[in-house]
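S.K.: Input: one structure, supplied below.
Number of protein chains: 2
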Amino acid sequence: MVTTICLSSRTSFVSTAAIDIAEDKLGRDLGDVLGLPHRLDLIVQKDAGKSFTKAKPDIVVHATSSSLKQVYSLIIECIRSGTNVVSTCEERVYPYQKNKAIARRLGRLAEKHGVSVLGTGINPGFLMDTLPITVTGTCLDVKHVKITRMTDSSKRRIPYQEKIGTGLSQQEFKKKIGKEITGHVGLNSSIAMIADSLGWMLDDMIELPPEPVIAKRIMKTAYTTVEEGLVAGLKSRAYGIVDDKKAIELEFVSHAGVDEEYDMVEIDGVPKIRLKIEGGVHGDVGTSAMTVNSILKVMNAPPGLHTMNRLLIPSDTPLELNRYVR
Amino acid sequence: MVTTICLSSRTSFVSTAAIDIAEDKLGRDLGDVLGLPHRLDLIVQKDAGKSFTKAKPDIVVHATSSSLKQVYSLIIECIRSGTNVVSTCEERVYPYQKNKAIARRLGRLAEKHGVSVLGTGINPGFLMDTLPITVTGTCLDVKHVKITRMTDSSKRRIPYQEKIGTGLSQQEFKKKIGKEITGHVGLNSSIAMIADSLGWMLDDMIELPPEPVIAKRIMKTAYTTVEEGLVAGLKSRAYGIVDDKKAIELEFVSHAGVDEEYDMVEIDGVPKIRLKIEGGVHGDVGTSAMTVNSILKVMNAPPGLHTMNRLLIPSDTPLELNRYVR
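Residue numbers (the working numbering), protein chains in the order written: chain A, 1 to 326; chain B, 327 to 652.
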C-alpha cells in the first residue's frame, strides 16, 4: 500500500490516487489512513484500472505482495494504462532467474506501451545486491561474495516479530515454515542479480528454509518475553552455486538480543574487500527511500523491465535529474 | 600510460596500440615495458593520431596527467578519430564545476562524433563520490556527507612517498606545496559530483592546501627513516559549502605509521549511515579495476561526456553485458 512509502522531503510528488484492497482502508481519505493531521482529498479505492483512467498518473508506487504471480495482474493493468511502475515486490527486483517467462512478458508489454517498470527496496534492491555489485567495480577479479545482514528484531514492529516466530517453541516454529513464517523473501533475486553483473553462470541456487534462533537467556521485546529455549528470531540463508562451489552466500539474521547490528559485504577477490555498515540500515526507512528515490530514474529510463544493476546508480535523487548540470 | 592498467582476468580485450611520450618507453615492445615474459608485438609510439588511424581501436584507456587542460588535446584527438575514451585524469571525472567550458566542448564533440568519454578511478571516481552517492539511495533526507580515506603511505611505492613529502622538514614541505607536493588531486570532482546527485547548489568549494603530518616518533619506510618532528605524510581536505555550511567534507590522509587503514562514509540524514571499508581499497589496483570495468559501460553508453553518477552502477563487468540475461 502506498501508505507505507514516505515521500522524501527532498522531492515534491503529487499523489493522484490511492489503491488498496484492505477493508479497513477502503473509502477513507488517504491522509486519515496515513495518520496525517490533514486530509489529502484522495479516497482509497480498490479498482486500479478506474483510478488510472481518472487520475492518469505518471507512475505507480506499488507496495503490496512479495509474490510476482500475485501482483502480476495489477502490474499488467498499470502497464496497459501507460503508467510507469516502481515496486517493492521482492520477486520483481530480479525476476529473470525464477520467473523468466513472466519477466519477459512484462518487459515486452512495457516496451510496447512505452513505460518502464522496476522492482527495488532495501533488500532485495540494495543491501544484498546493488551495494555489493557496486563495490566489485573496484575489483580486478572476484571469487566469492558473502553478504550478512544482522538485525535486532526486538526494535521492530509487533507484526514483524510475529512473522519471525518470536516466542514460539521450536515445534511451533517448524509447523509455520512456508506459511506464516517465510524468512527473508527474495534472496534469490539478489543472488541472480549478482551473478548477472559478474557474468557468472549459476549451476544452482539454494534457498534454505528459515532456521529458528533459540534464546540462550530470557529476553524482553516490545512484543513478548522470550524464555530461554524458545525462539528469539530466525536466520535465512541462500547460496548461488558456480562450478559446484558456493560462490555467493547471503545470510539474513534477525532476532532479539543480537550483540551488534550491521550489514556486511565480504568479497574474496583482487583486492579483498570487507565493507561494514555499522548499525545496519533500517528496513522500513531504507525501502521507502530506495523506492521514492527510484521514481525519477524509472521515469527517465527507456521503456521495458529494468533491474537495479542495469540502471543509474542509486542516490537521494533531487526533483529534476538535470537541473544542476547542463 | 596504458601500462599502468592491468587487464582484468575476467575480460579479454585486445590491445591494438600503445602511446606514451616517456623517452625510456618509446620504441620498445609493450610486453617488455610491462615486464611480461613475452612480447605483445606492439611498439610504444608517441603519435596518437597516427596510431588511431592505423589501429582503429574501439576505446582508448587513457592514464597520463591529472590536469584536464593538459590532456585536453589528446582527448580531442581520440574523439575526432571516432574512438571512445575512459580516462583516469582526475579532473575529467566530474568536470562541470571547475572546467565547465571544456566539459561542454568535449561533450558536444563526443556527441557529434558518436563516441562516449568517461573519467573514472578509485578516487575521484568511486570512494569519495560514486560509493557515498550510491549509499544515499537508502536515505529519505541527507544533511551532511563526510568521507575519510586513511592510508599507510609506508606500504606505497617510493615515488608516492616522495610526492607526499615523506622525510622532509616542515619548511621544505611548505616550499614544495603546489609544485612537487599537490596533495590529493580531484577532490573538487568528487564534491561536485555529490552535489549534482543530491541536487545541492554549491555556494562554494574549498580545497585546502596539503597539510603535513608530523612524525611523533621515529619510523622506517621502504623509502627512508623518518625522524621525530619530520614529515611522515600529508592530509588533504576539501569542503562543499551549501547555505553557508560545510555540507560535504572530504578528508584524505596518507602517512607512515597510520594506526588503521580504512575508507569511511558518514552520512547525517534519515537514516544516519556509517559505512567502513576495513583496510581501505588499494589505490593502484582499485584504479585499474574501475577503469577496466568501465570499458564496456562506456562503449554501450550513448554518445557524449559521461560522469560516474549518471552511468550504470559499477561492477566487475563480464565480457558481454547482455550475455546471461535475455
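Here a beta-carbon is modelled for each residue, glycine too, at the ideal position from N, C-alpha and C.
For the beta strand (DSSP E) holding Ser294/A, just list the boundary residues, first then last.
M.R.: Per DSSP, Ser294/A belongs to no beta strand (DSSP E); it is in the alpha helix (DSSP H), Gly283 to Asn300.
S.K.: May I ask you to report which of helix, strand or coil DSSP gives Ser334/B?
M.R.: Per-residue confidence for Ser334/B stands at a pLDDT of 39, beneath the threshold of 50, marking its modelled position as unreliable; the derived number appears in the next sentence. Residue state, collapsed to three classes: coil.
S.K.: Does the beta carbon of His282/A come closer than 8 Å to any beta carbon on chain B?
M.R.: For His282/A, the answer is yes, since a Cβ of chain B falls inside 8 Å of its Cβ.
S.K.: Quick check on this structure: which residue in Gly35/A, Leu36/A, His38/A and Phe52/A has the alpha carbon closest to the alpha carbon of Ala18/A?
M.R.: Closest option to Ala18/A, Cα to Cα, is Phe52/A.
S.K.: Have a look at Thr330/B and Leu360/B and give me their C-alpha separation to the nearest angstrom.
M.R.: Legend: pLDDT at Thr330/B = 35, less than 50; position of this residue unreliable, no value from coordinates given.
S.K.: Examine chain B for any beta-carbon lying closer than 8 Å to the beta-carbon of Leu140/A, and answer yes or no.
M.R.: It does; some Cβ of chain B falls within 8 Å.
S.K.: Identify each residue in the stretch 629 to 640 of chain B for which the Cβ-Cβ distance to at least one residue of chain A is less than 8 Å, and report them in chain order.
M.R.: For the stretch 629 to 640 of chain B, which is checked against every Cβ of chain A, the residues closer than 8 Å are Met634, Asn635, Arg636, Leu637, Leu638, Ile639 and Pro640.
S.K.: Contact criterion: CB-CB distance below 8 Å. Does Glu278/A meet it with respect to chain B?
M.R.: Taking Cβ atoms only, chain B reaches closer than 8 Å to Glu278/A, which makes this a yes.
S.K.: How far does the beta strand (DSSP E) with Val386/B in it reach, from first residue to last?
M.R.: Here the beta strand (DSSP E) through Val386/B covers Ile385 to His388.
S.K.: Can you give the Cα-Cα distance for Arg310/A and Ile158/A, rounded to whole angstroms?
M.R.: The alpha-carbon atoms of Arg310/A and Ile158/A are separated by roughly 36 Å.
S.K.: In three-state terms, what does DSSP make of Asp244/A?
M.R.: Three-state DSSP puts Asp244/A in coil, outside helix and strand.
S.K.: Going by CA-CA distance only, name the one from Val461/B, Asn514/B and Val568/B that's closest to Gly286/A.
M.R.: For the residues Val461/B, Asn514/B and Val568/B, the minimum Cα distance to Gly286/A belongs to Val461/B.
S.K.: If you draw a straight line from the C-alpha of Gln258/A to the C-alpha of Tyr223/A, how long is it?
M.R.: Reading off the sequence shown, one finds Val at residue 258/A, where the question assumed Gln. Cα to Cα, the separation comes out at about 16 Å.
S.K.: Does any residue of chain A have a CB that is nearer than 8 Å to the CB of Asp346/B?
M.R.: By this cut-off, Asp346/B is not an interface position.
S.K.: Less than 8 Å separating the beta-carbons of Lys276/A and Met264/A?
M.R.: The answer is yes: Cβ separation under 8 Å.
S.K.: Quick one: what does DSSP say Thr456/B is sitting in, helix, strand or coil?
M.R.: Helix at Thr456/B.
S.K.: Indicate the three-state DSSP secondary structure (helix, strand or coil) for Phe13/A in the structure shown.
M.R.: Correct three-state label for Phe13/A: coil.
S.K.: Any chance you could list the beta strand (DSSP E) runs of at least 3 consecutive residues sitting entirely within the stretch 460 to 532 of chain B, in chain order?
M.R.: As far as the stretch 460 to 532 of chain B is concerned, its whole beta strand (DSSP E) runs of at least 3 residues are 467 to 478.
S.K.: Measuring straight from C-alpha to C-alpha, what distance separates Leu131/A and Pro124/A?
M.R.: Rounded to whole angstroms, Leu131/A to Pro124/A spans 10 Å at the Cα level.
S.K.: Candidates Glu498/B, Ser516/B and Leu394/B: which alpha carbon is nearest Leu556/B's?
M.R.: Comparing Cα positions, the closest option is Glu498/B.
S.K.: Could you check whether the Cβ of Asn619/B sits closer than 8 Å to any Cβ belonging to chain A?
M.R.: Chain A, which has a Cβ nearer than 8 Å to the Cβ of Asn619/B, makes this yes.
S.K.: Is the beta carbon of Thr464/B less than 8 Å from the beta carbon of Val441/B?
M.R.: For Thr464/B and Val441/B, no; Cβs fall outside 8 Å.
S.K.: Can you name the residues of chain A whose CB is closer than 8 Å to the CB of Gly600/B?
M.R.: Checking the displayed sequence, the identity of residue 600/B turns out to be Arg instead of Gly. Near Arg600/B (Cβ distances below 8 Å), the residues of chain A are Ile277, Glu278 and Gly279.
S.K.: Could you work out which residue in Lys98/A, Arg92/A, Leu68/A and Pro57/A is closest to Cys78/A when comparing CA atoms only?
M.R.: Closest option to Cys78/A, Cα to Cα, is Pro57/A.
S.K.: Just to confirm, is the Cβ distance from Val411/B to Ile401/B under 8 Å?
M.R.: In contact: Val411/B and Ile401/B (Cβ atoms closer than 8 Å).
S.K.: Which residues of chain A have a Cβ atom closer than 9 Å to the Cβ of Thr456/B, listed in chain order?
M.R.: Here the neighbours are Thr134, Gly137 and Ile313.
S.K.: Which whole-angstrom value describes the C-beta separation of Val468/B and Leu528/B, a residue pair presumed to lie in contact below a C-beta threshold of 8 Å?
M.R.: That belief does not hold up - the Cβ atoms of Val468/B and Leu528/B are roughly 14 Å apart, past 8 Å.
S.K.: For Ala564/B, count the other beta carbons within 10 Å of its own beta carbon; 16 or more makes it buried, fewer makes it exposed. Which is it?
M.R.: Per the 10 Å Cβ criterion, buried.
S.K.: Where does His255/A land, buried or exposed, given buried means 16+ other C-beta within 10 angstroms?
M.R.: Per the 10 Å Cβ criterion, buried.
S.K.: Beta-carbon separation of Thr643/B and Asn619/B under 8 Å?
M.R.: Taking 8 Å as the Cβ cut-off, Thr643/B and Asn619/B qualify as a contacting pair.
S.K.: Can you give, in chain order, each stretch of the beta strand (DSSP E) that sits fully within the stretch 386 to 417 of chain B and has at least 3 residues?
M.R.: Complete beta strand (DSSP E) runs here, min 3: 410 to 413.
S.K.: Which chain A residues are close to Val370/B, counting only those with a beta carbon under 9 Å from its beta carbon?
M.R.: None at all; the shortest Cβ gap to chain A is about 23 Å.
S.K.: The beta strand (DSSP E) that contains Gly445/B, what's its start and end?
M.R.: Unbroken beta strand (DSSP E) run through Gly445/B: Ser442 to Gly445.
S.K.: Which stretch, first to last residue, makes up the alpha helix (DSSP H) that contains Gly654/B?
M.R.: Coverage of chain B is limited to positions 327 through 652, which leaves residue 654/B absent and any answer about it impossible.
S.K.: Does any CB atom of chain B fall closer than 8 Å to the CB of Ser15/A?
M.R.: Not one chain B Cβ lies under 8 Å of Ser15/A.
S.K.: Could you tell me if Arg39/A is buried or exposed, where buried requires 16 or more neighbouring beta carbons within 10 angstroms of its beta carbon?
M.R.: It counts as exposed.
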